[in-house]
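Residue numbers (UniProt numbering): 1 to 1023.
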């Protein structure tokens, strides 16, 4: 028995440590107390270079079983030094004659275990079984190697940890992670170190150099972390896979009814051959991962839950045995579902099951008299069709198709091989065939009756050629009676069948790509590029050009369009450009007199913005605003609208004037913020639907706010009936997607709606070259009745007070104080009253600004964007913070002057994290500079500083290096108040004689009483 023991520990953070125990009395001693020759020479050499001045607290157990915690002097090794030390000690775990039995006995089991762990990891590293991770240390991100997570690595690590001496696991709860991460990295580091300074044709990439040198990365850290994690997740997700292997019954003498069909659940790592699942041969982590995969498979394929007694000695722990009936159902239904869910399903080679699909070949029926340049599709365009069925990759002949359709068992012999067909799918296909044939026959009969009536009238009037016309009727009647008439249906008929089949079993369509896409058969193709005329005074970005191309194609073919670009991507500009393109085309064709106006219906708050944008981008257009108490009525309105290019109105005005507006011959009606008609039963929704036009367009950044029915309502406005009735849509699509989470139905609905909706997000890779950029928008909101009453009372008091203070500092102080109080009222009554009253009363907002803020936040959450909210006033932030926290279901941070530096830094770090709060509140002074908040891409200024430099500094917390999205800035002002008056002055709409308008608010104190009273006076807005 050894008198001294050399122990080894791998401690958190510090890594490898060595310490010495004197066995007699179980004392901890220094190397100087150990007699020479006790340890092998290599150990003495290593220990002689260490001072043992480092101490660490270690949990030990005495021989009597008592647990103690002691500060132990030990030799600690730097990471790369630890690897070199373990490499030198490796031969102690061999039969080397250089070490005596007594010296080998002096090496404690814990150190021997660490040596063996090093040897195993070294072999994995040399075999390349490593991946890369990012480690956060001292505020920096370091790229480091780590052990791969394959079956071999997992099993080895599980066995090692199971055999680890207790002292190692007790003193390091994260021993597994330290081995897989820290020790693996430094082994790889020492192996690759010679490569760092070796001659190269080109310098190392920054990331590779940081990895080789264990240095922090300098660029793109957050993006790099996300990308690296996604890459590692993709490796992990395919590393361990469940494979389902269907085998023939082992006992060939069993009858079909008694047969037990084995479905082997195998496990495969990477591209290795799959093996039976045997839990005792896998580590716990692998078993749990596979169990989760099996649970998911059972959810996808419930028939796998049926289990009978194993029929083979080679069976795995999780093998399943099905009856013949269950097997047919499994192969028919579950195999495809499992494959779609990412599982591999292998079928016997001796027989096959092939998916049965229906395809409808469509051809446009053209009238030779129509000029090709005038061909418009519309939904009433005629198409001939021809059914085709295929099994697997084999398209059937008419005879084979008939045999398959009439098959009752679903099992047929196809060209020498037995295949199983889904009788339910075949029955549905047969039903589609009959329904479409009935539709075509009814259309042909109606056309025949119309032709017969025409021929009879021509005969009675003895018009030239009536004999030929009567003969044509007789010919077509004979074809009809014999069932040989040309089968043709409208695009609307095909769309109706496509809609129904998508809700049940999809039918594939072929024909022109655009026709097929309109039937939900594939993604829409890119339309031809159109030229933007010089009348458009703007340089359109590429994605905006594509938007105009798409709108123009939809318009030419009389198909309603939903332009659902994200906030700030220029929907207004694209629509105005479309109008300019169409007007230029009509003038070129000499049809300028046929030009008809477009009606734009928008929320009241953006009516003025539409007028400004039209004047700015298409200044040659005649723009008419139909809004307010002075708007036109009756025939005067009809006459003026017919002379305009664009008429802009609000939803409220349409609900009052729709009868008169319906008398105008509109070319197009455009709905901005079209989610306003998401409820088809509202007055404004019914009003806009009552206005006839050739073409309809909906503009919205949020086609779905809460439910799919909202998107259906918008699409139904643009193309009535395009998604069926409300009840059909609810029962066949909405319930399956919203309640059951059906990915299949969601994808089918995407194909059905895709041709009619163009949606681009700020994160869309097609427009990524345009990012990031900053766009700003002034949002004008209305006061509530409570705010208006407080505002009018305050203005009256201020005017009386100013009458007594004609000049001097006291007058200037009164004006600035009054401006603050005006802003408080515009923000929220509770901010002004400081009475602790609630933000809303009975669910109704007391502030127009807060109501608009919630709309912006809701849209941001829908598009997975985050928001910064700036206010000048801590008191207003104190009002908003608890309300927002309650509404959003999480703690909303509020960074203000009262927050300590440490808490400020913590707030920023937490907000910047991937799981940070969706919203952050900041006071303008405390949060306006020195912060990096690029997790947010939307900035809202609740109250104005009227100083662009200050406001831009605040905005630049989000709009700065590292921002990956467009930054949208909203600056709120309240209509009819001093806020709007100041904005009008800054925009050049209002002139103040003799006034010097500067940045900030100081210039207001120099105004005359009359000028100030005019600016402050409340101008009530029409509701």
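Virtual Cβ for every residue (Gly too), placed ideally from N, Cα, C. These figures come from a predicted structure and were not determined experimentally.
*Is it the case that the Cβ atoms of residue 703 and residue 564 are separated by a distance below 7 angstroms?*
Within the chain shown, numbered from 1, the residue matching residue 703 stands at position 703. Within the chain shown, numbered from 1, the residue matching residue 564 stands at position 564. Their beta carbons are under 7 angstroms apart, which means residue 703 touches residue 564 by this criterion.
*By the 10 Å Cβ neighbour count, where 16 or more other Cβ atoms means buried, how is residue 427 classified, buried or exposed?*
As a first step, residue 427 must be located in the chain shown, where it is residue number 427. When all chains shown are included, residue 427 counts as exposed.
*asked:* At 4 residues or longer, what runs of the alpha helix (DSSP H) sit wholly inside the segment 635 to 691?
replied: Taken in chain order, the complete alpha helix (DSSP H) segments of 4 or more residues contained in the segment 635 to 691 are 651 to 661, 683 to 689.
*For residue 584 versus residue 527, is the C-beta distance shorter than 7 angstroms?*
In the chain shown, residue 584 corresponds to position 584, counting from 1. In the chain shown, residue 527 corresponds to position 527, counting from 1. At least 7 angstroms separates the beta-carbon of residue 584 from that of residue 527.
_Using CA atoms only, rank isn't needed, just tell me which of 142, 143, 140, 148 is closest to residue 131._
For the purposes of this step, residue 131 is taken as the residue at position 131 of the chain shown. When 142, 143, 140, 148 are compared, the shortest CA-CA separation from residue 131 is found for 148.
*Using beta-carbon positions only, say whether residue 216 and residue 159 come within less than 7 angstroms of one another.*
Here residue 216 corresponds to residue number 216 of the chain shown, with the count starting at 1. Here residue 159 corresponds to residue number 159 of the chain shown, with the count starting at 1. No; because the gap between Cβ atoms is not below 7 angstroms, this pair is not in contact.
_In the DSSP output, which residue or residues are listed as bridge partners for residue 67?_
The residue you call residue 67 lines up with position 67 of the chain shown. For residue 67, which the question treats as bridged, DSSP gives the partners 61.
*How should residue 371 be labelled, buried or exposed, when 16 other C-beta atoms within 10 angstroms of its C-beta is the threshold for buried?*
Within the chain shown, the letter at position 371 stands for residue 371. With a pLDDT of 38 at residue 371, under the threshold of 50, the modelled position of that residue is not reliable, and the figure given next carries that caveat. Exposed.
_Taking the alpha-carbon of residue 661 as reference, which of 41, 440, 626, 156 has the nearest alpha-carbon?_
Counted from its first residue, the chain shown places residue 661 at position 661. The shortest C-alpha separation from residue 661 is found at 626.
*Label residue 701 either buried or exposed according to how many other C-beta atoms from any shown protein chain fall within 10 Å of its C-beta, with 16 as the threshold for buried.*
Numbered from 1 along the chain shown, position 701 holds the residue referred to as residue 701. Its Cβ being crowded by 16 or more others within 10 Å, residue 701 is buried.
_Length of the line joining the Cα atoms of residue 268 and residue 246_ = Mapped onto the chain shown, residue 268 falls at position 268. Mapped onto the chain shown, residue 246 falls at position 246. Taking the straight line from one Cα to the other gives about 16 angstroms.
*Under three-state DSSP, which class holds residue 275?*
Position 275 of the chain shown, counting from 1, holds the residue named residue 275. For residue 275, the secondary structure class from DSSP, reduced to helix, strand or coil, is strand.
_As a quick exercise: from 581, 2, 915, 616, pick the residue whose alpha carbon is nearest that of residue 538._
Here residue 538 is taken as the residue at index 538 of the chain shown, counted from 1. Comparing C-alpha distances from residue 538 to each of 581, 2, 915, 616 shows the shortest one belongs to 616.
*Return the bridge partner residues of residue 717 from the DSSP annotation.*
Taking the chain shown and counting its residues from 1, the one referred to as residue 717 is at position 717. Residue 717 is not bridged to any residue.
_Can you tell me whether residue 446 is helix, strand or coil according to DSSP?_
Counting from 1 along the chain shown, the entry for residue 446 is found at position 446. Per DSSP, reduced to three states, the secondary structure at residue 446 is helical.
*The beta strand (DSSP E) spanning residue 876 covers which residue range?*
In the chain shown, the residue the question calls residue 876 occupies position 876. From DSSP, residue 876 is part of no beta strand (DSSP E) but of the alpha helix (DSSP H) over 874 to 888.
*Quick one: grab the DSSP three-state call for residue 54.*
What you label residue 54 is simply residue 54 of the chain shown in a count that begins at 1. The answer is strand: DSSP assigns residue 54 an E or B state.
*Shortest alpha-carbon distance to residue 192 belongs to which of 80, 51, 225, 157?*
Here residue 192 refers to the residue found at position 192 of the chain shown. Nearest C-alpha to residue 192: 80.
*For residue 8, count neighbouring Cβ atoms within 10 angstroms of its own Cβ and tell me buried if that reaches 16, exposed if not.*
Taking the first residue of the chain shown as position 1, residue 8 is located at position 8. Per the 10 Å Cβ criterion, buried.
*Under the assumption that residue 157 contacts residue 176 (Cβ atoms under 8 angstroms), give the Cβ distance between them as a whole number of angstroms.*
Within the chain shown, numbered from 1, the residue matching residue 157 stands at position 157. Within the chain shown, numbered from 1, the residue matching residue 176 stands at position 176. Indeed they touch by this definition, with Cβ atoms about 6 angstroms apart.
*Under three-state DSSP, which class holds residue 894?*
As a position in the chain shown, residue 894 is number 894, starting the count at 1. For residue 894, the three-state secondary structure derived from DSSP is strand.
*Where do the N-terminal and C-terminal ends of the beta strand (DSSP E) with residue 624 fall, by residue?*
Taking the chain shown and counting its residues from 1, one reaches residue 624 at position 624. 623 to 626 is the extent of the beta strand (DSSP E) around residue 624.
*Please report how far the alpha carbon of residue 439 lies from the alpha carbon of residue 579, in whole angstroms.*
Indexing the chain shown from 1 puts residue 439 at position 439. Indexing the chain shown from 1 puts residue 579 at position 579. Rounded to whole angstroms, residue 439 to residue 579 spans 38 angstroms at the Cα level.
*Please classify residue 261: does DSSP put it in a helix, a strand, or coil?*
Along the chain shown, read from residue 1 onward, the residue named residue 261 stands at position 261. Secondary structure of residue 261 (DSSP, three-state): strand.
*In terms of residues, what are the limits of the beta strand (DSSP E) holding residue 831?*
As a first step, residue 831 is located in the chain shown; it is residue number 831 there, counting from the start. Careful: residue 831 lies outside any beta strand (DSSP E), inside the alpha helix (DSSP H) at 829 to 833.
*Between residue 783 and residue 854, what straight-line distance do the alpha-carbon atoms span, to the nearest angstrom?*
Stepping through the chain shown from its first residue, residue 783 is reached at position 783. Stepping through the chain shown from its first residue, residue 854 is reached at position 854. Residue 783 and residue 854: Cα-Cα distance of roughly 15 angstroms.
_At least 3 beta-carbon pairs within less than 8 angstroms: the segment 887 to 897 vs the segment 913 to 923_ = Touching, per the Cβ criterion.
*asked:* On the CB-based measure, 16 or more other CB atoms within 10 Å of its CB, does residue 201 come out buried or exposed?
replied: By 1-based counting over the chain shown, the position of residue 201 is 201. Exposed is the call here.
*Distance, Cα to Cα, residue 398 vs residue 445?*
Working through the chain shown from its first residue, we reach residue 398 at position 398. Working through the chain shown from its first residue, we reach residue 445 at position 445. Between the alpha carbons of residue 398 and residue 445 lies a distance of about 26 angstroms.
*the segment 90 to 108 / the segment 29 to 48 touching (three or more Cβ pairs under 8 angstroms)*: The segment 90 to 108, when compared against the segment 29 to 48, does touch it at the 8 angstroms Cβ threshold.
*asked:* Check for me: the beta strand (DSSP E) holding residue 694 runs from which residue to which?
replied: Taking the first residue of the chain shown as 1, we reach residue 694 at position 694. For residue 694, the enclosing beta strand (DSSP E) stretches over residues 693 to 699.
*Does DSSP put residue 73 in a helix, a strand or coil?*
Counting from 1 along the chain shown, the entry for residue 73 is found at position 73. Residue 73: strand per DSSP, three-state reduction.
*asked:* Beta-carbon within less than 6 angstroms of residue 973's beta-carbon, same chain only, minus the 5 sequence neighbours each way: which residues are those?
replied: The residue labelled residue 973 in the question sits at position 973 within the chain shown. Leaving aside the five residues that flank residue 973 on each side, the residues in its chain whose CB is nearer than 6 angstroms to its CB run, in chain order, 780, 979, 980, 983.
*I think residue 356 touches residue 389, with their Cβ atoms under 8 angstroms apart; what is that distance to the nearest whole Å?*
Counting from 1 along the chain shown, the entry for residue 356 is found at position 356. Counting from 1 along the chain shown, the entry for residue 389 is found at position 389. Correct: roughly 7 angstroms between the Cβ atoms.
*asked:* I'd like the span of the alpha helix (DSSP H) that includes residue 735, first residue to last.
replied: The residue you call residue 735 lines up with position 735 of the chain shown. Residue 735 -> no alpha helix (DSSP H), and no H or E assigned at all.
*Report yes if the C-beta of residue 789 is less than 6 angstroms from at least one heavy atom of the ligand FMN; otherwise report no.*
You won't find the ligand FMN in this model; it holds no ligand whatsoever.
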